[in-house]
Every structure is written in structure tokens, then in C-alpha cells.
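A.B. asks:
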Amino acid sequence: MWNERESPLRMEKRFEFEQYSKISKFMGKIEKLCKERDIYPNISFGKNFVSFSIFLDNKEISDKEKDFSKDIDKFYFED
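Residue numbers (our numbering): 503 to 581.
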């Protein structure tokens, strides 16, 4: 589940990985998705995690951002 935060308004989620090599594959999919959807979240990662912060322009989450976050979830659960 994505967490909604305020000040500034954003959606956040952290994904855990057992192997660093899976992070690389996951991030390749995310790169393509960002270009396709024209959404560029703040991303941080380490040896076994990737964290996203999607900053929102509006006062509520749009369908564009909901769909984007659902696709990220799908990529994570595919592997």
C-alpha cells in the first residue's frame, strides 16, 4: 500500500529485495514507465531496497498517479 503524506503532498512506498541484481532489473522497468507516463518520482535505493516519493501537483491523487503506482507494484510482484 502506498502511503499518502502531506507538506508537501506526496505518495511514498518502499520495496524490499533479497538480491541487488533484482533491483537493477526492477529499475530498468521503472525507467521505461517514467518516460511513457511522464512522471518522474524521487527514487532512492540501497543494497536491498528501493523507495519512491511521487510528489503531487493537485490536492488529491489523480488517476494518472494511481495507475503509475499500480504499475510499479505490478513490476515488483512479477519477479
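The beta carbon of each residue, even a glycine, is placed where N, CA and C say it ideally should be.
Is the CB-CB distance between F517 and F557 below 8 Å?
C.D. replies: no
A.B. asks: What do you reckon, are the CB atoms on I525 and F554 nearer than 8 Å?
C.D. replies: no
A.B. asks: Which one of M513, K534, E508 has the shortest CA to CA distance from S564?
C.D. replies: M513
A.B. asks: Quick test of your reading: L511 and K566, contact by CB under 8 Å. State the CB separation rounded to the nearest angstrom.
C.D. replies: The distance from the Cβ of L511 to that of K566 is about 15 Å, inconsistent with a contact at the 8 Å cut-off.
A.B. asks: Under DSSP, the alpha helix (DSSP H) around S571 begins and ends at which residues?
C.D. replies: S571 -> alpha helix (DSSP H) spans 565-580.
A.B. asks: Given this structure, state the Cα-to-Cα distance separating M503 from Y578, to the nearest angstrom.
C.D. replies: 12 Å
A.B. asks: For the alpha helix (DSSP H) containing I525, name the first residue and the last one.
C.D. replies: In the DSSP annotation of this structure, the continuous segment of the alpha helix (DSSP H) that includes I525 starts and ends at 522-539.
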